[in-house]
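Top line first, the protein sequences correspond to chains A and B.
If you read the first sequence in the numbering used here, its first letter stands for residue 14, the second for the next number, and so on.
If you read the second sequence in the numbering used here, its first letter stands for residue 8, the second for the next number, and so on.
Shown next, in structure tokens, is the structure this report addresses.
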Amino acid sequence: MLRKSWWKILSFLLLVYTCTFGFLVKVPKLDDRMQESIRNFFFHVPMWFSMMVLFTVSVIYSIKYLRNPLRKHDHYAKAYAATGTLLGVLGITTGAIWANYQWGAPWSGDPKQNGAAIAILIYFAYFVLRGSLTDEEKQSRVGAVFNVFAFFMLFPTLWILPRLTESLHPGGQGSEGNPGINGKDLDPAMRLVFWPAVIGWTLLAVWITTLKIRIELLKDKQEQHA
Amino acid sequence: MHNRKHYLLSVLAMFMALVANAQEQTDVMRSNGKIYVVMVVVLVILLGLFVYVWRVDKKISRLEK
């Protein structure tokens with residue numbers, strides 16, 4: 014899986030599709046508040062979806078490490094957390110650009126914006142914590158424990174708290190379900206671009222992560238030979 | 008190597024013909040507020056990103072051998 018190439022090509026094709034049909038597809042006008050900026054839905058939202066996937070993979074490897082402390086597992090957990098954090102930063106940045114033109118300010122203290130910022134900061138803390146320990150085995154072990162905590166903090170910060178209060182984001186108090194997944198307001202034509210976009214970005218992020226993992230594995234090998 | 012040069016040159020010629028053609032008439036690229044110009048820019052960036060990641064991948068593969 015680490016070195017196969019079919020899914021890398023798939024990721025390329027899906028993203029080329031996203032970046033063409035993301036512009037070509039006819040979007041609903043509704044009350045025209047969003048105008049063409051609704052197309053950001055194909056680019057901003059998949060960042061968060063792939064971030065969630067990568068953090069999930071990361072925490073699985075952290076748990077694996079805690080059950081069986083192999084260095085390999087820690088390399089996986091760390092690399093997936095790093096790429097996931099990058100996606101989160103991209104998500105928050107693109108969100109701020111969109112918000113500036115849609116809500117009038119890049120940061121309105123919207124519950125979902127605040128929650129996302131807290132979630133990302135917790136992942137920053139993961140890397141700071143690892144960096145502050147000099148012993149490699151401790152880095153892996155304490156990191157794995159912290160990663161479990163960081164992952165479970167995603168649920169209140171991103172999924173629960175923003176839904177309980179009024180929010181500028183769709184899905185705040187008063188709306189039902191997840192607007193991205195089962196909302197009746199998502200146009201079927203947009204869905205056909207959105208889901209390939211999510212898969213494409215996720216695969217690209219996984220690809221970049223595997224490169225980081227392979228470098229770490231190479232370093233391990235070098236150390237063994239030295 | 009020689010073949011590749013020829014290939015690149017012909018692609019370049021085709022591209023230039025396309026650009027020259029575009030200046031003469033109002034085409035798809037100029038419709039809808041020139042949004043498709045943005046689309047092409049995004050595609051070029053995407054392509055560049057993928058070529059880069061692909062090459063890093065190959066380099067790591069070589070190191071692994």
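Note that beta-carbon positions come from the ideal geometry of N, C-alpha and C, so glycine has one too.
1. Please specify which runs of the alpha helix (DSSP H), each continuous and at least 4 residues long, are wholly inside the region 19-49 of chain A, giving them in chain order.
2. Give the single residue among A:Glu179, A:Phe168, A:Leu216, A:Ile226 whose Cα lies nearest to the Cα of Phe57 of chain B.
3. With three or more C-beta pairs closer than 8 Å as the rule, is the region 78-86 of chain A touching the region 107-119 of chain A?
4. Within 8 Å of any Cβ in chain A, is that where the Cβ of Leu53 of chain B sits?
5. With Leu171 of chain A and Asp123 of chain A assumed to form a contact (beta carbons below 8 Å), what rounded beta-carbon distance in angstroms separates them?
6. Counting only Cβ-Cβ distances shorter than 7 Å, please list the residues of the region 204-228 of chain A near chain B, keeping chain order.
7. Can you find a heavy atom of the ligand COA that lies under 7 Å from the Cβ of Ile228 of chain A?
8. Quick one, are the C-beta atoms of Pro209 of chain A and Tyr30 of chain A less than 8 Å apart?
9. When burial is assigned at 16 or more other CB atoms within 10 Å of the CB, is Ser63 of chain A buried or exposed?
10. Helix, strand or coil: which one does DSSP assign to Ser153 of chain A?
11. In this structure, does DSSP put Asp233 of chain A in helix, strand or coil?
12. Are there 16 or more other CB atoms within 10 angstroms of the CB of Ala239 of chain A, so buried, or fewer, so exposed?
13. Determine whether the Cβ of Met46 of chain B lies closer than 8 Å to any Cβ atom of chain C.
14. Can you list, in chain order, the residues of its chain with a C-beta nearer than 6 Å to that of Asp87 of chain A? Leave out the 5 residues immediately preceding and following it.
15. Using a C-beta to C-beta distance shorter than 9 Å, which residues of chain A count as neighbours of Tyr59 of chain B?
16. Using the Cβ count rule (16 or more neighbours within 10 Å means buried), how would you classify Tyr74 of chain A?
17. Just to confirm the assignment, what range does the alpha helix (DSSP H) spanning Asn113 of chain A have?
18. Can you give the Cα-Cα distance for Ser24 of chain A and Ile212 of chain A, rounded to whole angstroms?
19. How is Met8 of chain B classed by DSSP in three states: helix, strand or coil?
20. Determine the chain B residues that contact Phe25 of chain A at a beta-carbon separation under 9 Å, and present them in chain order.
21. The alpha helix (DSSP H) spanning Lys66 of chain B covers which residue range?
22. For Thr223 of chain A, count the other beta carbons within 10 Å of its own beta carbon; 16 or more makes it buried, fewer makes it exposed. Which is it?
23. Residues of chain A with a CB under 9 Å from the CB of Asp64 of chain B: which are they?
24. Give the range of the alpha helix (DSSP H) segment to which Met60 of chain A is assigned.
25. Taking the alpha carbon of Ile173 of chain A as the point to measure from, which residue in A:Leu100, A:Lys151, A:Ala132 has its own alpha carbon closest?
26. Give a yes or no on whether 8 Å exceeds the smallest Cβ distance from Met8 of chain B to chain A.
27. Looking at the C-beta of Val49 of chain B, does it have a partner C-beta in chain A at a distance below 8 Å?
On the basis of the data shown:
1. For the region 19-49 of chain A, whole alpha helix (DSSP H) runs of length 4 or above, ordered along the chain, are 19-37.
2. One-based indexing of the second sequence puts residue 57 of chain B at position 50. The shortest Cα separation from Phe57 of chain B among A:Glu179, A:Phe168, A:Leu216, A:Ile226 belongs to A:Leu216.
3. no
4. If you number the second sequence from 1, residue 53 of chain B lands on position 46. At least one chain A Cβ lies under 8 Å of Leu53 of chain B.
5. What you label residue 171 of chain A is simply residue 158 of the first sequence in a count that begins at 1. What you label residue 123 of chain A is simply residue 110 of the first sequence in a count that begins at 1. Their Cβ separation, rounded to whole angstroms, is 12 Å, which puts Leu171 of chain A and Asp123 of chain A out of contact at 8 Å.
6. Trp220, Ile221, Leu224, Arg227, Ile228
7. For the ligand COA, the structure offers nothing, since it holds no ligand at all.
8. Your numbering for residue 209 of chain A matches position 196 in the first sequence. Your numbering for residue 30 of chain A matches position 17 in the first sequence. Yes, the pair counts as a contact, with Cβ atoms nearer than the cut-off.
9. The count along the first sequence starts at 1 and reaches residue 63 of chain A at position 50. So Ser63 of chain A counts as buried.
10. In the first sequence, the residue the question calls residue 153 of chain A occupies position 140. Reduced to three states, the DSSP call for Ser153 of chain A is helix.
11. For the purposes of this step, residue 233 of chain A is taken as residue 220 along the first sequence, with counting starting at 1. Three-state result, Asp233 of chain A: helix.
12. Numbered from its first residue, the first sequence carries residue 239 of chain A at position 226. Per the 10 Å Cβ criterion, exposed.
13. Absent from the structure: chain C. Protein chains present are A and B.
14. As a working note, residue 87 of chain A is residue 74 in the first sequence. These residues qualify, in order along the chain: Tyr78, Ser153.
15. As a working note, residue 59 of chain B is residue 52 in the second sequence. By Cβ distance, chain A contributes nothing, its closest Cβ being about 10 Å from Tyr59 of chain B, past 9 Å.
16. Numbered from 1 along the first sequence, position 61 holds the residue referred to as residue 74 of chain A. With 16 or more Cβ atoms within 10 Å of its Cβ, Tyr74 of chain A is classed as buried.
17. In the first sequence, residue 113 of chain A corresponds to position 100, counting from 1. It spans 84-115 - the alpha helix (DSSP H) in which Asn113 of chain A sits, taken as one unbroken run.
18. Against the first sequence, residue 24 of chain A aligns to sequence position 11. Against the first sequence, residue 212 of chain A aligns to sequence position 199. Going by the C-alpha atoms only, they are around 7 Å apart.
19. Residue numbering aside, residue 8 of chain B sits at position 1 when the second sequence is read from its first letter. For Met8 of chain B, the predicted model reports a pLDDT of 49, less than 50, meaning its position is unreliable; a value from the coordinates is still stated below. Coil at Met8 of chain B, not helix or strand.
20. As a first step, residue 25 of chain A is located in the first sequence; it is residue number 12 there, counting from the start. Per Cβ cutoff of 9 Å: Leu53, Leu54, Phe57, Trp61.
21. As a first step, residue 66 of chain B is located in the second sequence; it is residue number 59 there, counting from the start. Lys66 of chain B -> alpha helix (DSSP H) spans 42-71.
22. Working through the first sequence from its first residue, we reach residue 223 of chain A at position 210. That one is buried.
23. Position 57 of the second sequence, counted from the first residue, corresponds to residue 64 of chain B. Here the neighbours are Arg16, Ser18, Lys21, Trp220, Thr223, Leu224, Arg227.
24. As a first step, residue 60 of chain A is located in the first sequence; it is residue number 47 there, counting from the start. Looking at the DSSP string, the run of the alpha helix (DSSP H) that includes Met60 of chain A is 57-80.
25. Locating residue 173 of chain A in the first sequence gives position 160, where the first residue counts as 1. When each option's Cα is compared against that of Ile173 of chain A, the closest is A:Ala132.
26. Your numbering for residue 8 of chain B matches position 1 in the second sequence. Low confidence applies here, because Met8 of chain B scores a pLDDT of 49, under 50, leaving its location unreliable; read the following figure in that light. Closer than 8 Å: no.
27. Counting from one through the second sequence, the residue named residue 49 of chain B turns up at place 42. Chain A contact via Cβ: present.
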